[in-house]
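Count along the sequence shown from 1, then add 15; that gives the number in our numbering.
Idealized CB from N, CA, C, for every residue including glycine.
Every value quoted in this text rests on a predicted model; they were computed, and no experiment measured them.
Okay, structure first, notes after.
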Amino acid sequence: MQNCIVLNGDYTYLNTVNWQKAIKLIVKGKATVLKYTETVIKTAENVIVKIPAVMKLIKIIRTIYRTKVPFSKKNIMIRDDFTCQYCGKGKELTIDHVIPVSRGGKSTFENCVTACKYCNNTKSNKLPSEIHMYLKKKPTSPTISEFTRIRSIKTGVYDLLKDLGIY
Ligand SMILES: [Zn+2]
Numbered sequence: 016m017q018n019c020i021v022l023n024g025d026y027t028y029l030n031t032v033n034w035q036k037a038i039k040l041i042v043k044g045k046a047t048v049l050k051y052t053e054t055v056i057k058t059a060e061n062v063i064v065k066i067p068a069v070m071k072l073i074k075i076i077r078t079i080y081r082t083k084v085p086f087s088k089k090n091i092m093i094r095d096d097f098t099c100q101y102c103g104k105g106k107e108l109t110i111d112h113v114i115p116v117s118r119g120g121k122s123t124f125e126n127c128v129t130a131c132k133y134c135n136n137t138k139s140n141k142l143p144s145e146i147h148m149y150l151k152k153k154p155t156s157p158t159i160s161e162f163t164r165i166r167s168i169k170t171g172v173y174d175l176l177k178d179l180g181i182y
């Protein structure tokens, strides 16, 4: 079943949750529903519930995420749209340190890119320029707003948010 979109109290995209969690948030008074799906569920207690499509939290959650996208393998791949930054393939993805760790490269957004196994093995501990492998784009630290936009497109909610006038 489709997941429910959770918007932060300021209408920015936060996350998606399954419908059970969505109902829990509403029952606890933590979220309001902006839009329902067509789906109706009958619970064990014979209660009919409409499944929300988009919800908004009553309060604004402030997390580190509000100011900075945390550095993680998953977030690098989201930034790179799950494609190898050398050859453009989307299979067997790994993380490549542009300047290899063995040569002082750091684990940062600016030095890490998504790379397929093949490109990563080929590149090994060399610099891209040494073996003529070129990055499709310069890796940067993603900003919150572009990141939430990419995430909402990825999870298929971007159009819905646009319909609601949120983006
Ligand atoms: Zn590749």
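Residue i in three-state terms, based on DSSP
i, result
"Pro157", "coil"
"Asp142", "It is Leu, not Asp, that sits at residue 142 in the sequence shown. If DSSP states are grouped into helix, strand and coil, Leu142 belongs with coil."
"Tyr51", "strand"
"Val84", "coil"
"Ile20", "strand"
"Tyr173", "helix"
"Lys89", "helix"
Best match in the options for proximity to residue i [C-alpha to C-alpha]
i, options, result
"Cys131", "Asn33, Asp95, Gly120, Pro157", "Asp95"
"Lys106", "Thr58, Ser122, Asn135, Thr54", "Asn135"
"Ser156", "Ser87, Lys45, Ala59", "Ser87"
"Glu145", "Pro115, Ile41, Gln17", "Pro115"
"Ser167", "Leu49, Gln35, His147, Val69", "Val69"
"Lys36", "Leu49, Pro67, Thr27", "Pro67"
"Val48", "Leu22, Glu60, Ser139", "Leu22"
8 angstroms CB neighbourhood of residue i in its chain, flanking five on each side removed
i, result
"Thr158", "Val84"
Start and end residues, beta strand (DSSP E) containing residue i
i, result
"Ile63", "63-72"
"Val128", "127-131"
"Asp111", "108-112"
Enclosing alpha helix (DSSP H) for residue i [first to last residue]
i, result
"Ile41", "34-42"
Neighbourhood of residue i by C-beta distance below 6 angstroms, restricted to the same chain and skipping five residues each side
i, result
"Gly24", "Leu72, Lys74, Ile75"
"Thr98", "Gly105"
"Lys151", "Gln100"
Sequence-distant residues of its chain with Cβ nearer than 7 angstroms to residue i (five each side left out)
i, result
"Lys65", "Tyr51, Val55"
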